[in-house]
Amino acid sequence: MKIETYSNSTLLELSQNLHPDFQWGAATSAAQIEGAYDEDGKGLSIWDSFCAEPGRITDASDIRVACDHYHRYREDVGLMQGLGLDAYRFSVAWARVQPLGRGAWNEAGFAFYDRLLETLREAGIRPHVTLYHWDLPAALQEEFGGWESRAVVPLFADYAAEVARRFGDRVASIATLNEPWCVATLGYEIAQFAPGKKDRALAMQVSHHLMMAHGAAVKAMRKVTQVPLGVVLNHTPAFAAEALESDRKAARIDDGLNVRWYMDPIFRGQYPADILDHLGADAPKVEDGDLDLIHQPLDFLGINFYTRSFISTQTPPKPAPGKQGFTDMGWEIYPEALTQHLVRLSREYAPPPIFITENGMANADKLVDGRVADVERIQYVNEHLKALARAVALGVDVRGYFYWSLLDNFEWNSGYTKRFGLFHVNYATQERVAKDSALWYRDFITAFKSRRTPKAG
Ligand code: FCB
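Residue 1 is where the sequence shown starts when you use this note's numbering, and the numbers rise one by one after that.
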């Protein structure tokens, strides 16, 4: 394995530049790993319903068992500890702690997260909680049409406040939403994700309700906790394929829909005017006070970065060059976009401290004689860490990096066909095996920390 050649210069750049309290972590989400889909009083989520619809999931799988993390969380925290992680990002399944999304709390559901938090505490790993990673209680979808309805906004705020009240003093941060762009666009415009609709106006209305839910949750949580609060956005910076006016315009729109549509209301209290224009009749209905609600002060911003968008208006479209290759998702590997994008965000928005809450790759991993030689993943992470170090050197305040994902897991509409984990999971036996990338990450973290430790005298 070419580990040494990859990591030395990165280590040097990082150890010189990173914040003294920089956290190294890994991320997961409830629906993708927990399983125990109806155990101990858990309610169903919209992903249970979506998986049950024929043709929605590539391998016709579901999330009933997933990685069985609900029963194996101790082992999984042990894996994190073995890597020397400082931090773990996971999500709470709303329907586990409040089966119908409103009304009665499920104590057995909260007890699971109590056990997980206690195990993390014993392992010295800081928990970063996300409240909504796409698994809306199915009851809210049935009753109100889910995020289509403003009625879900105060319900989400109640749920957020309850989690914050119970766990606020035991966690390192709470993020409201994971990737609202995906919820709205993939769920309501492109129909790749639950609930699988194709209606742009509805998607934009959903995005507005998600933003409101974020703001209402932050407001409600501030009353019960001092813990740092934020949101997690997926940014896929848009690049014009060629120096054509049409490509540039299209890239600007793509950027507007993915980046500014969420950043502007959260950090400036307004939607971007060019995108409102572009949407025309599909723009959401916004009531008085909505934008003030959305525009809450935040303590951190989570950015999930995987790739860039390569925007071409030619027919056929010019393909992305992929000089560093493509991942098993077909996503172009383009780490320099991370540097540029972080610098841009900090100049244009002056955001609070940033966490890279997800970064990682799906790879066609093969388990051979007990080993996964995923050199591509090592290279991917290494290149992105270099890109991160450059952004920090240019003045961006980044406080942590979470690899996506700790484990191979349920990759939404791709089912179990895409492997993102540091640990290989055999879904028949639930056996976890550390990939070479996990060992590399462990050694990297150790080396980073030893460079950081102040020399005596
Ligand atoms: C992100 C999601 C995460 C995972 C990765 C690959 O969009 O937040 O759950 O699916 O992509």
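Cβ coordinates follow ideal geometry from the N, Cα and C atoms, glycine included. Note that the structure is a prediction, hence the values are computed from the model and not measured.
Supposed contact pair residue j and residue i - C-beta distance, whole angstroms, cut 8 angstroms
i: Phe423; j: Tyr416; result: Actually they do not touch by this definition, with Cβ atoms about 14 angstroms apart.
i: Leu388; j: Tyr380; result: Actually they are not in contact, since the Cβ atoms of Leu388 and Tyr380 sit about 13 angstroms apart, beyond 8 angstroms.
i: Gly101; j: Trp94; result: 6 angstroms
i: Thr185; j: His214; result: Not confirmed; about 16 angstroms, so no contact.
i: Thr307; j: Trp331; result: 4 angstroms
i: Val206; j: Trp261; result: That belief does not hold up - the Cβ atoms of Val206 and Trp261 are roughly 12 angstroms apart, past 8 angstroms.
i: Val171; j: Val227; result: 6 angstroms
i: Arg150; j: Asp282; result: 18 angstroms between Cβ atoms; not a contact.
i: Gly103; j: Ala66; result: Not a contact, Cβ separation roughly 26 angstroms.
i: Ala157; j: Ala250; result: That pair is no contact at about 37 angstroms.
i: Gly183; j: Ile125; result: In the sequence on display, residue 183 carries Val and not Gly. 28 angstroms between Cβ atoms; not a contact.
i: Ile303; j: Leu233; result: 6 angstroms
i: Thr10; j: Leu385; result: 5 angstroms
i: Asp254; j: Ile190; result: 14 angstroms between Cβ atoms; not a contact.
i: Tyr349; j: Phe267; result: 5 angstroms
i: Leu14; j: Phe448; result: 6 angstroms
i: His208; j: Pro284; result: 4 angstroms
i: Arg432; j: Leu79; result: 6 angstroms
i: Arg390; j: Thr339; result: 5 angstroms
i: Ala30; j: Ser91; result: 5 angstroms
i: Pro335; j: Glu383; result: 4 angstroms
Distance CB(residue i)-CB(residue j) smaller than 9 angstroms
i: Trp412; j: Asn359; result: no
i: Thr130; j: Arg166; result: no
i: Ser309; j: Ala362; result: no
i: Asp299; j: Gly230; result: yes
i: Leu244; j: Thr313; result: yes
i: Ala160; j: Ala217; result: yes
i: Met212; j: Leu293; result: yes
i: His128; j: Gly25; result: yes
i: Asp135; j: Ile57; result: no
i: Phe50; j: Ala139; result: no
i: Val396; j: Val343; result: yes
i: Asp365; j: Lys435; result: yes
i: Ile33; j: His69; result: yes
i: Ala164; j: Val224; result: yes
i: Pro180; j: Pro137; result: no
i: Ala241; j: Lys323; result: no
i: Ile354; j: Leu439; result: no
i: Arg442; j: Gly82; result: yes
i: Gly269; j: His295; result: yes
i: Gly109; j: Asp40; result: yes
i: Gly256; j: His278; result: yes
i: Asp86; j: Ile63; result: no
i: Val392; j: Asn17; result: yes
i: Glu142; j: Trp105; result: no
i: Ser450; j: Asp59; result: no
Limits of the beta strand (DSSP E) - the one that residue i falls within
i: Arg89; result: Ala87 to Ser91
i: Ala30; result: Per DSSP, Ala30 belongs to no beta strand (DSSP E); it is in the alpha helix (DSSP H), Ala30 to Ile33.
i: Gly25; result: Gln23 to Ala27
i: Ala434; result: Glu431 to Ala434
i: Phe423; result: Phe423 to Asn426
i: Leu131; result: Arg126 to Tyr132
i: Phe402; result: Val398 to Trp404
Enclosing alpha helix (DSSP H) for residue i [first to last residue]
i: Gly109; result: Glu107 to Ala123
i: Gly78; result: His69 to Leu83
i: Leu140; result: Ala138 to Phe144
i: Ser49; result: Ile46 to Ala52
i: Val515; result: Lying before the first or after the last residue shown, residue 515 is absent from the chain, which here runs from 1 to 457.
i: Ala95; result: Trp94 to Val97
Within-9 angstroms CB hit, residue i to chain C
i: Arg121; result: Protein chains in the displayed structure number just one, and chain C is not present.
request  = Run through the region 233-296 for me and flag every whole alpha helix (DSSP H) of 4 or more residues, listed as ranges in chain order.
outcome  = 245-255, 261-268, 273-279 and 290-294
query = Which whole runs of the beta strand (DSSP E) in the region 305-387 are 3 residues long or more, in chain order?
reply = 309-311 and 354-359
message = Quick check for students: name the residue ranges of the beta strand (DSSP E) that lie wholly in the region 161-204, counting only runs of 3 or more.
response = Taken in chain order, the unbroken stretches of beta strand (DSSP E) that lie wholly in the region 161-204 and span 3 residues or more are 173-178.
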